[in-house]
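Visitor: In our numbering, the protein residues as written are 135 to 240.
All C-beta atoms, glycine included, are put in the ideal place defined by N, C-alpha and C.
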Amino acid sequence: FVNIYQNLLIARLLLSWFPAAQGVGALQPLYNVCDPYLNTFRGIIPPLGGIDFSPIIAFTLLQVAGSSIASLGAPLPPSEEVLAATPPRKMGPLETWARRRWAPKE
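(1) Quick one: Cα of G183 to Cα of W151, how far?
(2) Work out the CA separation of V136 and I191 for me, nearest whole Å.
(3) Here's the rule: buried if 16 or more other CB atoms are within 10 angstroms of the residue's CB, otherwise exposed. What is P189?
(4) Would you call the stretch 217-230 in contact with the stretch 165-176, where contact means no fewer than 3 C-beta pairs closer than 8 Å?
(5) What first and last residue would you give for the alpha helix (DSSP H) that runs through T194?
(6) Measuring alpha carbon to alpha carbon, tell me which residue in T194, I138, T230, R234 is nearest V167.
(7) By the DSSP assignment, the alpha helix (DSSP H) with L148 in it spans what residues?
(8) Within the same chain, show all residues whose beta-carbon is closer than 7 Å to that of A179, passing over the 5 residues directly before and after it, in chain order.
(9) I need the straight-line Cα distance from P103 to A232, nearest angstrom please.
(10) Is the separation between the beta-carbon of F193 and that of L143 shorter than 8 Å?
(11) Mark R146 as exposed unless 16 or more other C-beta atoms lie within 10 angstroms of its C-beta, in which case mark it buried.
Here is the structure:
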């Protein structure tokens with residue numbers, strides 16, 4: 135979802151270079167979805183020299199939120215008890231060959 139919203143924001147920012155695009159009815163849903171989020175940051179950082187830097191903070195916050203949400207679903211490493219109770223796995227033929235091939239010579 136975060137990647138989709140970032141792509142929508144990029145499209146919205148590119149369309150800001152074409153002022154006539156605001157009058158196109160087919161693009162109004164894009165403006166309705168993106169402008170409330172961008173306006174939040176426009177109130178914090180005023181434009182400097184006619185350039186609006188607020189989308190940089192908007193993208194940064196969106197990226198941090200997306201990474202945080204993704205890390206919530208990451209599995210935790212197994213505990214020591216689970217590792218101790220887990221039997222060793224059997225090596226496959228390729229892994230056996232690789233260990234024999236690169237084993238130190240005695």
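Guide: Working from what's here:
(1) Sequence index remark: in the sequence shown, residue 183 carries index 49 (1-based). Sequence index remark: in the sequence shown, residue 151 carries index 17 (1-based). Straight-line spacing of the CA atoms in G183 and W151 works out to 16 Å.
(2) The residue labelled residue 191 in the question sits at position 57 within the sequence shown. The residue labelled residue 136 in the question sits at position 2 within the sequence shown. So the two alpha carbons sit approximately 15 Å from each other.
(3) Taking the first residue of the sequence shown as position 1, residue 189 is located at position 55. Buried, because 16 or more other Cβ atoms sit within 10 Å of the Cβ of P189.
(4) Under the three-pair Cβ rule at 8 Å, the stretch 217-230 does not count as touching the stretch 165-176.
(5) Sequence index remark: in the sequence shown, residue 194 carries index 60 (1-based). Following the DSSP letters along the chain, one finds T194 inside the alpha helix (DSSP H) bounded by residues 188-206.
(6) As a working mapping, residue 167 is identified with position 33 in the sequence shown. Minimum Cα distance to V167 is reached at I138.
(7) Taking the sequence shown and counting its residues from 1, the one referred to as residue 148 is at position 14. Residue range 136-149 is occupied by the alpha helix (DSSP H) that includes L148.
(8) By one-based count along the sequence shown, residue 179 stands at place 45. Going by the sequence as given, residue 179 is Ile instead of Ala. Close CB contacts of I179 within its chain, under the 7 Å cut and outside five residues either way in sequence, are with F187, S188, I191 (chain order).
(9) Because the chain spans 135 through 240 in this model, residue 103 falls outside it and cannot be assessed.
(10) As a position in the sequence shown, residue 193 is number 59, starting the count at 1. As a position in the sequence shown, residue 143 is number 9, starting the count at 1. Contact: yes.
(11) The residue you call residue 146 lines up with position 12 of the sequence shown. Result: buried.
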